[in-house]
Every structure is written in structure tokens, then in C-alpha cells.
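So the sequences go chain by chain: A and B.
For the first sequence, counting from 1, position 202 maps to 202 in this note's numbering; every step adds exactly one.
For any residue, its number in this note's numbering is found by taking its place in the second sequence, counting from 1, and adding 662.
No residue lacks a Cβ here, since even glycine has one placed at the ideal position from N, Cα and C.
Notes for the one structure printed next.
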Amino acid sequence: MNPVNVSIVGLPGALVLWLLAVVAFGVFAYRIRQLVGLLRQGRYEDRFDRPGKRLAHALKNVLLQPRIFNERAIGLPHFLIFWGFVLYATCFNWGLARGLFPFLPIPFPDEVRPVLLFLELFSVIVLIALVVALARRLFYPPPYLHLSMDANLILLFIGLLMLSTLFGSGFRIVAGQATASGWAPIGSRLAAAFASVPKETAASLATAMWWLHMTVVLAFLVYLPYSKHLHLLASPFNVFFSQSVTRPAGDLGVRGAKEDFTAGAARWQELTWKQLLGGFSCAECGRCDRSCPATTAGSPLQPQQMIHKIKEHMVHTGLAPKNGDHELKLIGDVLTEAEIWACTMCMSCMNRCAVWNEHVPLLVALRRHLVSQGLVQRTVQDMLGNLQRYGNSFGKSDRMRARWTQTAGLKIKDARKEAVEYLWFVGDYASYDPRCESITRTTAKVFAQAGLDFGLLYEAERNAGNDVRRVGEEGLFEMLRDKNQQALGKAQFKKIVTTDPHSYHTLKNEYPWNGNRPEVQHYTEVLHGLSQADKLPLKRKLAGRVTYHDPCYLGRYNGVYDAPREVLRALGLEVVEMPRNRERSFCCGAGGGRIWMEDTEKIQERPAENRIREAVALPGVPTFVVACPKDLAMFRDAVKTTGNEGKLVVKDLAELVAEAME
Amino acid sequence: MNLYVLLKMVPDTVEELNVAADGKSLDAEFLRFKLSDPDEYALEQALLLKEQHGGSVTVVALDAPEVDDVLFTALAKGADRAVKIPIAQAGLGTVAAARVLADFLGSAPFAPDTLVLPGSQAIDDLEGELAPFLAAALKLPYVGVVCGVTPANGRVTVIKEFAGGLRAEFDVTLPAVLGIQSAEKPPRYVPVAKVRAVMKSAQIETVDLPPPARPGQLEIERTYKPEAAGRAEMLEGSPDEVADKLVDVLAKISVI
């Protein structure tokens with residue numbers, strides 16, 4: 001029986017269905033047009049390169065949702081709700097088409113037995129998933145989960161859809177319009193339970209269920225683009241246009257920019273359309289907040305809130321500005337400077353984001369604006385001045401850069417004068433910081449004893465510019481980059497090895513190299529290569545348990561996780577993992593220029609202290625191994641400030657290699 | 663207001679300073695120059711005055727290494743004119759420099775709301791002689807070691823710092839010369855991109871002036887590094903031992 005063939009308040013069912021559909025789709029289209037209009041006010045950015053690769057990326061991440069599973073409790077329920085939605089959306093459109101165009105020679109979807117079976121099975125699965133999702137929201141919400149009524153309303157919607165499907169199937173059987181069978185496992189059971197209902201009543205109820213189902217879906221269609229569930233429309237596009245498909249992680253360039261992006265963004269219209277699309281795509285799941293070192297430390301930055309606030313600001317000022325809305329400033333009223341400076345650019349938010357939002361480049365765009373206005377902290381300003389003048393943040397003469405070599409007891413080649421295999425790009429901290437100098441000498445001795453042919457740029461080396469770029473001083477970054485490229489252009493080498501993961505990332509991914517990029521390796525990768533080739537002259541096995549901290553720019557940014565661990569194992573050490581390891585590694589708090597900033601806000605616990613407490617909790621692990629000079633400085637401080645001296649020693653990986661060579 | 667800021671280049675003490683073979687001057691090999699710190703504050707004070715009260719800022723410098731960068735940076739920060747006088751600052755001496763600058767500034771009658779803002783002192787002019795010599799040559803009122811300037815009714819109220827944390831307020835008629843010690847805010851940051859843009863679009867004006875007849879500088883007989891006077895004695899041992907030794911030392915010199 002056709003459920004459309006009824007009379008509703010004196011009108012033919014087909015007409016009512018047409019009216020409902022036209023209104024719902026009309027409102028939906030109107031809203032989508034509005035939202036796309038907002039995106040078009042953003043700046044242009046070319047995200048149309050490599051469409052095939054983008055499509056593969058989108059299919060994988062939308063259909064299989066690997067990043068949803070990085071939180072297990074909600075991973076499977078979301079996955080099932082998603083696939084239930086796809087099935088139901090398909091069947092809804094199918095049913096709607098059949099209802100609107102009665103002449104179509106097709107049955108209703110639930111008249112096709114395999115489809116009915118799927119619908120029923122998914123109803124049950126989705127209902128269970130909904131119970132889990134609802135229970136999670138009501139009884140054990142993870143910290144920072146944005147608990148909105150929006151979410152509960154949507155769960156109720158979905159629940160109604162599932163129940164109307166099941167009861168519709170049941171009542172149709174009772175009414176004799178369908179037969180009980182294994183193709184309708186739930187419907188058949190419901191029919192048995194409601195067998196006493198008169199046939200005519202059951203037929204009306206079945207029709208009512210169909211109309212309830214269709215009305216709820218149409219209502220959902222109207223509601224969706226006004227709610228956070230906009231993410232299910234926007235996020236597939238967001239994933240498709242994601243920067244990481246074709247660019248290095250956290251890339252700070254703007255491909256095909258038509259405006260000068262280096263001056264940053266002061267208004268939402270100065271963000272790119274892709275950055276704005278991120279707001280529509282956010283599902284407010286809070287994965288970014290939960291992994292954010294700034295949020296964890298209690299700083300004012302919460303990445304999800306930032307994305308959300310920008311979206312709200314854009315929608316309010318762009319669509320329905322009230323008096324005074326136009327005076328609201330993106331920086332100052334919507335976001336505070338403290339929020340913008342709190343980020344360590346550790347990449348964990350972007351790495352966790354299930355819809356592949358890009359928080360880090362957005363924050364850098366905002367910082368660029370602040371820098372263009374000279375609105376930088378005094379300490380940062382001093383550093384930028386030092387880097388401009390001396391090429392290092394320590395404000396020391398460039399001639400002092402290689403002073404550590406004088407006491408190294410080694411003759412280290414000058415790559416500007418003679419050819420070497422490896423050019424060692426030492427970096428500021430390893431060169432100038434008194435805490436790191438002795439380790440730099442140790443690293444040099446390890447390289448020499450392993451027979452590595454290496455040399456330095458000596459005073460021609462400049463800061464690679466990683467922090468400078470992330471502070472938002474693009475012009476200074478370009479200046480440092482050009483000077484380094486000039487010096488490197490005159491040196492003779494085959495590969496580059498760096499001490500600092502930050503320099504590593506920047507040399508590897510942010511220098512143009514005129515299309516002639518040499519291989520860039522981190523020293524842990526070089527040591528791993530030597531160890532595998534049996535060229536590390538190890539004299540004794542070390543014993544004991546150590547834990548290893550993945551530096552952000554080596555791990556999350558560049559995916560180097562195994563080389564350092566394997567070197568440690570080759571030394572005879574047992575590597576015990578902290579709960580947050582590999583791509584979940586917790587930033588020390590020094591990146592993105594944070595190492596130059598004072599904490600302006602009261603914070604609860606510095607990221608490095610949080611990390612040290614995590615390491616101290618590991619039983620029988622007295623050594624905390626780092627592979628980054630900044631980590632060394634940060635964590636040695638944190639061991640002292642948390643009162644863990646004597647319990648935990650922070651060591652550079654090179655120091656352990658040297659110990660095994662003695 | 664009509665604001666002039668005088669910029670002076672001084673040796674950068676971050677680089678190693680050595681005495682040249684003549685035993686009288688600095689070895690030029692590693693010598694680099696930077697803008698004198700108080701001059702940077704003078705520029706900031708001028709920019710703040712312009713922002714709050716309108717007017718224009720002209721920066722003026724004698725020729726010295728790296729001075730063009732400094733002038734362009736001043737333009738990028740908001741100065742309206744940059745003037746370079748192509749007379750080498752090196753070897754000129756403070757008095758002669760003051761005379762050249764006075765020739766430039768005095769070449770036309772001053773607008774009534776003119777302020778000339780040199781830095782109060784420089785590492786090679788610790789006495790802060792430039793500003794008073796300049797004021798004398800121009801026959802203008804002068805206040806030095808200034809850390810605050812507030813214009814009102816065609817005059818300025820000036821805060822001058824004295825030793826021991828004392829401050830005094832002066833009421834000064836315009837035009838005037840004020841030696842700036844510090845501005846109300848730290849010097850602003852100007853991004854590299856902005857300086858580069860200014861280098862492409864703006865010009866440094868060159869004003870030719872006759873070099874001073876007499877350098878007017880005292881003759882330097884000898885330049886030398888400070889000689890170590892004595893040696894520090896390190897007290898070593900456990901905290902208790904160090905404390906005992908310290909008590910002995912203090913007792914020996916009759917402090918306790």
C-alpha cells in the first residue's frame with residue numbers, strides 16, 4: 001500500500017509531501033547559499049591541486065574515519081551512526097522520490113527485502129550507539145566536551161528515525177501489508193507483540209510511522225545547516241581540501257594567494273575560505289582541546305573554542321549583524337592576544353582532528369597581523385631584534401656560533417672550504433646555550449668516532465627560522481632563509497644533518513632549495529643509519545630502562561618515531577613508553593616561539609612539568625631521553641621545578657650513545 | 663609638532679672590541695655599528711608625540727656604516743623624512759658633530775612648535791655633550807636625561823631624571839632641544855617586510871653641508887682595555903665549610 005495515498009487535513013498526501021519537501025529543501029538551499037556566500041568573502045587559496053589524491057584521501061577519511069577511532073569509546077558508535085546515516089539518507093531520498101513521483105516504476109525501499117533487513121539491523125545498531133553516545137554525554141563526558149543541547153536534540157532526532165522505521169515495519173506486518181520473515185527480524189517480533197492491534201488501526205499506524213519518518217528527516221534537513229551537525233555536510237569537503245594531502249604538515253604558505261598573506265589576518269574576511277570552512281566542519285568533539293598543551297596548562301587557548309568563536313563571529317557579523325556587531329574585532333573582542341600567543345604549534349590538535357581542521361596556520365595568520373602592528377611581547381621583540389641583527393636568538397655575535405668547537409678537542413671541517421658528506425646544521429640552542437654546548441661536543445665526538453664525514457657552516461649559519469615563522473614574522477623568516485640558502489649554496493655537501501628538530505622541519509619542508517633539495521636528516525636518523533650499518537663503535541652494552549620523548553617536529557610533523565627508539569635498543573636499553581607516546585607525545589611547551597615568551601596568564605601546570613610527572617609515574621625508569629636541545633633545557637628545568645631531582649635524569653640520546661662508546 | 667630625531671651609530675659591543683695597531687683607535691676588523699640605544703628611545707618618543715598630537719618626524723644622521731638600514735627602519739616605524747648628511751661620523755667628535763647638525767637644523771627658521779630630540783647620551787658620549795652643544799649652537803633651551811614629554815599650549819612639560827631616583831618637572835618653551843633618556847613606551851617593533859617595502863618605495867634625502875673646519879676633538883693619546891686589578895678568591899667545600907671560610911674572610915677585613 002502506498003503511504004502517500006492518504007488525505008491529510010483534507011489535502012491529498014502527495015500534495016502535502018510536495019509542500020513539505022519544497023519548503024524543507026528551499027530553506028536548506030537558502031541556508032547553504034548563505035553559508036557559501038560567507039566562505040566566498042574569505043581570501044582565495046588554491047586547494048585544487050592533485051584532485052585524484054585529494055579524492056582518495058577524502059574517501060578514506062570520510063568512509064573509514066580512522067581518526068574517529070583515536071578515541072575508542074566513541075569511535076565505533078560514531079562510525080556506526082555515520083553508516084546508519086548514509087543508509088538512511090539513501091533510503092530517505094529513494095522513498096521521497098517514490099512518494100513525489102508516483103509514476104516511477106520502483107518500489108518503496110522497505111518493500112525490497114534485503115534493504116529492509118539492512119534498515120532494521122542498522123536501526124538496532126544505531127540505537128545502541130545512540131545509547132552509548134547519550135550516556136557518554138550525560139554520565140561520563142570527557143573533559144572539555146562541548147555539552148550542547150544541540151547534540152542531545154540531534155540524538156533524539158536520530159532515535160525517532162530508527163524507532164519509526166522499526167515500528168513502521170512491525171505495523172505493516174500486523175496490517176497484512178507485509179509478511180513476517182527473517183528479512184524483517186525486528187519488525188516481525190514487534191508485529192508479534194502488537195498482534196492484538198486491529199488491522200485497520202495498524203495500517204493507519206504504519207502510514208503514520210512513514211509520515212513521522214519523512215517529516216523528521218525533512219525537519220532535520222532544515223535544522224542541520226543551523227547546527228553543529230553542519231559538520232556532516234561541510235567536513236567531507238574540508239577533508240578533501242585538507243592541506244596535508246599535498247603539503248607538509250602544518251604548512252604556513254598560502255598556495256596561489258592573491259593578497260599579501262604575510263601581513264596576516266585581522267578580520268575574518270582576511271582568513272582564507274578554507275580556514276573559514278573549518279568552522280563549519282567542526283563537530284565540537286574536543287579532541288583538539290584534550291590534546292592541547294596550552295589548554296591542559298590552563299592557558300586561555302582552547303583550539304576548538306577558537307574555531308567555534310571565529311565561526312560564530314563570522315555568521316553573526318556576516319548574516320545577521322546587530323547594532324555594534326560590526327565594531328566587534330576578531331582580535332581583541334572575539335579572540336584575545338593571550339589566546340593567540342598561547343599556542344606552541346605542536347601540531348597535536350591538527351593531528352587529532354577527525355575533520356582535518358587546520359588550527360596552526362590559522363593561528364599563525366592571526367600572529368602575523370599582530371606582528372605587522374608591532375604588537376609583540378617585549379621578550380619576543382628582543383629575540384626578533386637579535387635574530388635580525390645577529391642571526392641567533394641569543395643576541396651573541398655570529399662569530400661566537402662555533403666557539404664550542406674550540407674546546408671539542410676535534411678539528412671539524414669547514415664545509416665552506418672543503419667538501420663533506422654531511423653538513424651539520426647545528427642550530428642556535430646547540431651552539432649557544434651553555435646547557436647544550438657540552439652535548440653538542442659529545443655529538444661531534446660520536447660523529448667523528450663513527451667515521452662520519454661532516455662539516456659546519458661555522459659563522460655563516462643562521463637560525464633556520466622555524467620559531468620566527470611561527471611567531472608570525474614572515475619577513476624575518478625569509479631573510480634568515482635567504483641568508484642560509486646563500487651560505488649553503490656556497491658549501492659542498494651531500495646531505496644535511498641537524499641537531500634541532502625544529503631546524504630539521506624547516507630545512508626539510510620550508511626552504512625552496514630551487515627545486516634541488518638535499519636529503520635532510522635528524523641526528524637520530526643518522527645514528528640509526530650508522531647503527532644499522534654496524535658503524536657505531538659501541539664498546540659496551542648499556543643496561544636499564546629509559547623512556548623516550550618524541551619531539552613534536554620530529555614525530556608529529558615528520559613521522560620519525562622509530563629511528564631514535566631503535567638506536568636506544570641497539571645500545572642495550574629497554575625503551576618503556578609513556579602513556580602519551582609517538583603521535584600523542586605531549587609538547588614540552590617551547591615551540592612556536594613560546595620559549596621566548598613569559599607566561600602572561602596564570603597557568604596551572606607548565607606542559608614540561610606535566611610531561612615530567614607522566615614520566616616519573618613509570619615504574620623503574622630513571623632516564624628520560626630527549627632528541628631536541630630545547631627539550632633538554634625545558635625538561636631539565638621541569639625536573640627541578642617538580643622536585644624530581646634524583647628520581648629522573650634528562651639525557652640527550654647522543655650522550656647515551658657516547659656512554660656506550662667509552 | 664615639528665619633530666627632529668638625531669640618530670647616531672655606535673660600535674656594537676656584542677662584537678669583540680679590540681684596540682687597533684695604532685694603540686689609539688678601535689680595530690675596525692670586527693667592528694659593527696648599531697643605533698645608539700637612547701636614540702632609539704628618542705625616535706619612539708617622537709613617534710608617540712606625532713601619534714598623540716599630530717605633526718611630522720624627521721630623522722637625521724651623519725654618514726656611518728649601516729646607517730641607511732637604520733634610517734629606513736625609522737621610516738618604516740613611522741618617520742616622515744629621513745635625512746643623511748654625507749659627512750663621516752667617525753673621527754668627527756661630539757662637538758664637531760653638534761656643529762654640523764646645527765648647520766643643518768639652523769639653515770631655515772624653526773617652526774614655533776619644533777622639538778629637536780637627540781639621545782641623552784651614547785656609549786662614546788657618556789657625558790651627553792651632543793645635546794647641550796647643539797642647543798647652544800642653535801640658541802635654544804635644553805633639558806637632558808628626559809624621560810617624559812607632554813605638550814600643552816605651545817610649550818612642553820618635561821620630566822627629567824636625576825640620580826637616586828629623583829625626578830623633576832620642567833616647563834619648556836618651544837622650540838627646544840631635549841636629550842631623551844627613555845620614552846613613555848619601549849621602542850616598537852617593525853616587521854622586516856615593512857622595512858623592505860619602505861626600502862623600495864621611500865628615499866633617503868641627502869643634504870650636502872661643508873665639513874667643519876676644525877674637528878674640535880681632544881686628541882686621544884692611548885686606548886686600552888681595562889686592566890685586571892685583582893683576583894677573585896673562590897671559596898670551595900660544603901656549604902658549612904664555605905660559611906666558615908666566609909666568616910673568617912669577613913673577620914679578617916674587620917667587617918664583623
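**Asked** Under a Cβ-count criterion, where at least 16 other Cβ atoms within 10 Å of its own Cβ denotes burial, should residue 463 (chain A) be classed as buried or exposed?
**Response** Classification for residue 463 (chain A): buried.
**Message:** With a threshold of 8 Å between beta-carbons, can residue 864 (chain B) be considered close to chain A, or not?
**Reply:** no
**Request:** Measuring only between beta-carbons, confirm whether residue 614 (chain B) sits less than 8 Å from chain A.
**Result:** In this structure chain B extends from 663 to 918, so residue 614 (chain B) is not present and cannot be described.
**Message:** Does the CB of residue 884 (chain B) have a neighbour CB from chain A at under 8 Å?
**Reply:** Not an interface residue.
**Asked** Can you tell me whether DSSP reads residue 915 (chain B) as helix, strand or coil?
**Response** coil
**Prompt:** In three-state DSSP terms, what is residue 293 (chain A)?
**Reply:** helix
**Asked** Over what stretch of residues does the alpha helix (DSSP H) that includes residue 344 (chain A) continue unbroken?
**Response** Looking at the DSSP string, residue 344 (chain A) is not in any alpha helix (DSSP H), and its letter there is neither H nor E.
**Asked** Out of B:675, B:882, B:758 and B:700, which has the shortest C-alpha to C-alpha gap to residue 685 (chain B)?
**Response** B:882
**Asked** Is the CB of residue 364 (chain A) under 8 Å away from at least one CB in chain B?
**Response** no
**Asked** Of the residues A:482, A:47 and A:42, which one's Cα is nearest the Cα of residue 243 (chain A)?
**Response** A:47
**For residue 180 (chain A) and residue 172 (chain A), believed in contact at Cβ under 8 Å, the rounded distance** = Rounded, the Cβ-Cβ distance is 10 Å, inconsistent with contact.
**Item:** Within chain B, partners of residue 376 (chain A) - CB distance below 8 Å
**Value:** 851
**Message:** For a cutoff of 8 Å on Cβ pairs, would you count residue 388 (chain A) as touching chain B?
**Reply:** So yes, residue 388 (chain A) belongs to the interface.
**Message:** Counting C-beta neighbours from all protein chains within 10 Å, is the total for residue 564 (chain A) 16 or more, i.e. buried, or is it exposed?
**Reply:** Result: buried.
**Asked** Apart from the five residues on each side of it in sequence, which residues of its chain come closer than 7 Å, Cβ to Cβ, to residue 288 (chain A)?
**Response** 303, 304, 349, 352, 353 and 359
**Item:** Cβ of residue 805 (chain B) within 8 Å of any chain A Cβ
**Value:** no
**Asked** Under 8 Å between C-beta atoms, does residue 371 (chain A) make it to chain B?
**Response** yes
**Prompt:** Taking only beta-carbon atoms, is residue 381 (chain A) less than 8 Å away from chain B?
**Reply:** With respect to chain B, the C-beta atom of residue 381 (chain A) has a partner C-beta closer than 8 Å.
**Message:** Against chain B, with Cβ distances strictly below 8 Å, would residue 396 (chain A) count as a contact?
**Reply:** yes
**Prompt:** Skipping 5 residues on each side, what residues in its chain have a beta carbon closer than 7 Å to that of residue 629 (chain A)?
**Reply:** 427, 429, 430, 433, 436, 499 and 500
**Asked** Under the three-state reduction of DSSP, which class applies to residue 410 (chain A): helix, strand or coil?
**Response** coil
**Request:** Identify, in the order they occur along the chain, each residue of the same chain with its Cβ nearer than 8 Å to the Cβ of residue 114 (chain A), setting aside the five sequence neighbours on each side.
**Result:** 183
**Prompt:** First and last residue of the alpha helix (DSSP H) that includes residue 623 (chain A)?
**Reply:** No alpha helix (DSSP H) holds residue 623 (chain A); the beta strand (DSSP E) holding it covers 623–626.
**Asked** Comparing alpha-carbon positions, which option in B:701, B:796, B:767 and B:663 lies nearest residue 784 (chain B)?
**Response** B:701
**Prompt:** Looking only at its own chain, which residues have a Cβ that is under 7 Å from the Cβ of residue 76 (chain A), when we skip the five neighbours before and after it?
**Reply:** none
**Message:** Between the region 762–781 of chain B and the region 672–682 of chain B, can you find at least three pairs of beta-carbon atoms closer than 8 Å?
**Reply:** no
**Item:** chain B contact residues for residue 479 (chain A), given Cβ-Cβ distances below 7 Å
**Value:** 854
**Prompt:** Which residue from A:584, A:636, A:634 and A:625 puts its Cα closest to that of residue 291 (chain A)?
**Reply:** The option with the nearest alpha carbon to residue 291 (chain A) is A:584.
**Message:** How far does the alpha helix (DSSP H) with residue 840 (chain B) in it extend, from its first residue to its last?
**Reply:** In this chain, residue 840 (chain B) is not harboured by any alpha helix (DSSP H); it is covered by the beta strand (DSSP E) spanning 838–842.
**Message:** I need the DSSP call for residue 776 (chain B), collapsed to helix, strand or coil.
**Reply:** Of the three classes helix, strand and coil, the one that applies to residue 776 (chain B) here is strand, per DSSP.
**Prompt:** Using a beta-carbon distance cut-off of less than 9 Å, what residues from the region 587–621 of chain A approach chain B?
**Reply:** none
**residue 866 (chain B) - DSSP class collapsed to helix/strand/coil** = coil
**Item:** CB of residue 802 (chain B) within 8 Å of CB of residue 837 (chain B), strictly
**Value:** yes
**Message:** Can you list, in chain order, the residues of its chain with a C-beta nearer than 6 Å to that of residue 227 (chain A)? Leave out the 5 residues immediately preceding and following it.
**Reply:** 150
**Asked** In whole angstroms, what separates the C-alpha of residue 192 (chain A) from that of residue 204 (chain A)?
**Response** 18 Å
**Request:** Leaving aside the five residues before and after residue 615 (chain A) along the sequence, list all residues of the same chain whose C-beta is less than 8 Å from its C-beta, in chain order.
**Result:** 547, 549, 578, 621, 624 and 648
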